[in-house]
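So the protein sequences, as listed, match chains A and B.
Each residue of the first sequence is one higher than the one before, starting from 1169 at the first, in the numbering used here.
Each residue of the second sequence is one higher than the one before, starting from 2 at the first, in the numbering used here.
Reading through the structure tokens given below for one structure.
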Amino acid sequence: MEASDAAAVARACAGDTDAFRVLVERYSRKVFRLAYRMTQNEQDAEDVVQETFLRAYRRLKQFESRSSFGTWIFRIAANAAMDLTRKRGGHEQAEQSIPETEDGANPLAQMPAPDPTPDRILLSGELKHKVESVLASLSPQVRTAFVLRHYEGMSIEEIGSVLGLKLSATKNSIFRAVQKLRKELEPLVVHHGEARAAHPD
Amino acid sequence: MKEVKKVKHLSEEDLILYHYGEWGGPSRAVVAEHMSVCGPCRSVYRDLQAVLAAADVVEVPARSEAYEAEVWQRLAPSLAAASPEGFWLRFVEHLRGCMWSPGIWAPIGATAAVAVLVVSAFLAGRFWSGRQQPQPQNAVQTVSAQGRDRVLLVAVGDHLERSQMVLVELVNTNPQRTVDISAERERATDLVAANRLYRLTAARSGESGVADVLDELERTLIEIANSPSKLSSPEFEDLRRRIEAQGILFKVRVVDSQIHARERKAIENVARKSS
Chain A
1169 MEASDAAAVA RACAGDTDAF RVLVERYSRK VFRLAYRMTQ NEQDAEDVVQ
1219 ETFLRAYRRL KQFESRSSFG TWIFRIAANA AMDLTRKRGG HEQAEQSIPE
1269 TEDGANPLAQ MPAPDPTPDR ILLSGELKHK VESVLASLSP QVRTAFVLRH
1319 YEGMSIEEIG SVLGLKLSAT KNSIFRAVQK LRKELEPLVV HHGEARAAHP
1369 D
Chain B
2 MKEVKKVKHL SEEDLILYHY GEWGGPSRAV VAEHMSVCGP CRSVYRDLQA
52 VLAAADVVEV PARSEAYEAE VWQRLAPSLA AASPEGFWLR FVEHLRGCMW
102 SPGIWAPIGA TAAVAVLVVS AFLAGRFWSG RQQPQPQNAV QTVSAQGRDR
152 VLLVAVGDHL ERSQMVLVEL VNTNPQRTVD ISAERERATD LVAANRLYRL
202 TAARSGESGV ADVLDELERT LIEIANSPSK LSSPEFEDLR RRIEAQGILF
252 KVRVVDSQIH ARERKAIENV ARKSS
């Protein structure tokens, strides 16, 4: 795949539009998946797909074969999604807190008491809603790192390359996302059968 | 976890890395062995797995089987509209190839060399347009001017993204006892010269907002470029605090987003005119 990507990029750089079409068709579904996970909105995700390939086309000559085309296009997609997310929600570097209700209470904490059967929660869509809320509350960088690791199966090294982060910063982003998910979801999905008092965590 | 055999317990970070197959410590078998005898670690790991499995309930909406072709159909007209820029970029690269002379360019670096050429093409175009003002402009001249402006927008956008990368890396670095910022320093040095050219061009073009942010960015880049290659933890924290206090990363991102929006609008205008 990588060799044929490189060949397609070379042909596209030489003005062969069909070669660029090959790349678009090869990666558009993956880019949509990443964009949707990032924006959580179908229309926004489609806009990100469009913007990603447009940016890629304009910068095709800047593509250096040091990384794979897949990593490069994900990097552009992640940036496009982060730009859109910031524009929509004013996300900044600090992680956004989960929206508070008027009386200042965390809506997640106000949801019905944990149901003992996760299946029921799943069926009612509450769990889905909660996962989406937590992901939406993460900063764009942390969310991107988690989405790429958890849903797209990219290695931490590749994610660092996509986000332009060092290994330690990439790991920290993933840790922060998982910690937040644990904090919000554990009361719903975990049954504390075994004593955990001895564990430092 | 440092030594699994003597281990007391695995940390949450260890377990996350283990879960994702990114465990960099002793072999996975050793970790698995530890968990088989350590109830608390096993329990925490099971909880973690349950939470991460729960994250999978969010599904991506299905796309049609012809999705790839649909994306291409939507994209193709915009690519056609982008062709004038392709001409300008090729022109700039051609100039770069012809004019490459280490004696002239080497001291200012490759990034600045590209900036010089882009800005020169832009200013030459403006000058030419200015001389033509008494005559009515025809459609070709208008499109050329738009293409030239877009070259500059793309170049400044790329410059801002490269600058952002340097700042983000510094802001996100975890300070150890000493922090080696030689790579960031080198990139900042290269970016300073290019930044100066873009700032002057922006000021001359009446883009005062862009020029102001580039001015602030330049001061930050100069500070990074003039820092020692290796910083102690307090020195690094000090540098990072100054970068964060200026809010420069946020400002650069805002201008970068605005420039991308203008790029998109420019493409739409050219597409409208050509149709």
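Just so you know, even glycine gets a beta-carbon here, dropped at the ideal spot from N, CA and C.
Check: Please state the DSSP three-state secondary structure of A/Ser1323.; Outcome: coil
Check: Start and end of the beta strand (DSSP E) containing B/Val180?; Outcome: Thr179 to Asp181
Check: Just checking my contact of A/Ala1180 with A/Phe1188 at CB under 8 Å: how many whole Å lie between their CB atoms?; Outcome: 4 Å
Check: Give me, in chain order, the residues of the same chain whose beta-carbon lies closer than 7 Å to that of B/Glu264; leave out the 5 immediate sequence neighbours on both sides.; Outcome: Arg151, Leu154, Val155 and Gly158
Check: Quickly, what does DSSP pair B/Lys231 with across the bridge? List them, please.; Outcome: B/Asp181
Check: Please report the distance separating the alpha-carbon of A/Val1357 from that of B/Leu250.; Outcome: 38 Å
Check: Helix, strand or coil for B/Ala63, going by three-state DSSP, please let me know.; Outcome: coil
Check: Are the Cβ atoms of A/Tyr1319 and A/Arg1227 separated by less than 8 Å?; Outcome: no
Check: By Cβ distance below 7 Å, which residues in the same chain neighbour B/Tyr21 in space, the five residues on each side in sequence not counted?; Outcome: none
Check: Would you grab the beta carbon distance between A/Arg1344 and A/Val1310 for me? Rounded to a whole angstrom, and I think it's under 8 Å.; Outcome: 5 Å
Check: To be precise: take each residue of the region 33-59 of chain B, compare its Cβ to all Cβ atoms of chain A, and keep it if any distance is under 9 Å. Which residues remain?; Outcome: Cys39, Gly40, Pro41, Cys42, Arg43, Ser44, Val45, Arg47, Asp48, Leu49, Ala51, Val52, Leu53, Ala54, Ala55, Ala56, Asp57, Val58 and Val59
Check: What did DSSP end up calling B/Thr174 once you bin it into helix, strand or coil?; Outcome: coil
Check: For a cutoff of 8 Å on Cβ pairs, would you count B/Leu192 as touching chain A?; Outcome: no
Check: Closer than 8 Å is the cut-off here; do at least three beta carbon pairs connect the region 215-229 of chain B with the region 198-206 of chain B?; Outcome: yes
Check: Does the region 1212-1224 of chain A touch the region 223-237 of chain B, meaning 3 or more C-beta pairs lie closer than 8 Å?; Outcome: no
Check: Confirm, please, whether the CB-CB distance from A/Phe1237 to A/Asp1186 is below 8 Å.; Outcome: no
Check: A/Gln1218: buried (16+ other C-beta within 10 angstroms of its C-beta) or exposed?; Outcome: buried
Check: With 8 Å as the threshold, decide whether the Cβ of B/Val93 is near any Cβ in chain A.; Outcome: Because B/Val93 carries a pLDDT of 44, less than 50, the predicted location of this residue cannot be relied on, and the following value inherits that uncertainty. B/Val93 does not count as touching chain A.
Check: Identify whether A/Asp1212 lies in helix, strand or coil by the three-state DSSP scheme.; Outcome: helix
Check: Taking its Cβ as the centre, do 16 or more other Cβ atoms sit within 10 Å of B/Leu11, making it buried, or is it exposed?; Outcome: buried
Check: Taking buried to mean at least 16 other C-beta atoms within 10 Å of its own C-beta, is B/Pro78 buried or exposed?; Outcome: exposed
Check: Can you name the residues of chain B whose CB is closer than 7 Å to the CB of A/Thr1185?; Outcome: Leu80
Check: So for B/His160, helix, strand or coil by DSSP?; Outcome: helix
Check: Rounding to the nearest angstrom, what Cα-Cα distance links A/Val1199 and A/Ala1245 in this structure?; Outcome: 7 Å
Check: A/Glu1391 to B/Thr221, Cα distance in whole Å?; Outcome: With chain A running from 1169 to 1369 in the structure shown, residue 1391 of chain A is simply not present.
Check: Closer than 8 Å, CB to CB, is A/Asp1173 near chain B or not?; Outcome: no
Check: Below 8 Å, how does it come out for the region 240-259 of chain B and the region 172-191 of chain B: are there three or more Cβ pairs, yes or no?; Outcome: yes
Check: Kindly list, in the order they appear in chain B, the residues whose Cβ is closer than 9 Å to that of A/Ser1323.; Outcome: Tyr21, Gly22 and Glu23
Check: If you check the beta carbons only, do B/Ala189 and B/Ile244 fall under 8 Å apart?; Outcome: no
Check: So is B/Leu154 in contact with chain A if we call contact Cβ pairs under 8 Å?; Outcome: no
Check: Cα separation between B/Glu185 and B/Val167?; Outcome: 6 Å
Check: Which class does A/Lys1334 belong to by DSSP, given the choice of helix, strand or coil?; Outcome: coil
Check: Near A/Val1299, which residues of its chain fall below 8 Å by C-beta distance, leaving aside the five closest residues on each side in sequence?; Outcome: Leu1349 and Leu1353
Check: Using a Cβ-Cβ cut-off of 7 Å (strictly less than) and excluding sequence neighbours within five positions of A/Leu1252, which residues of its own chain qualify?; Outcome: Thr1207, Asp1212, Asp1215 and Val1216
Check: Between the Cα of B/Gln177 and the Cα atoms of A/Ala1337, A/Leu1303 and A/Glu1325, which residue gives the shortest distance?; Outcome: A/Ala1337
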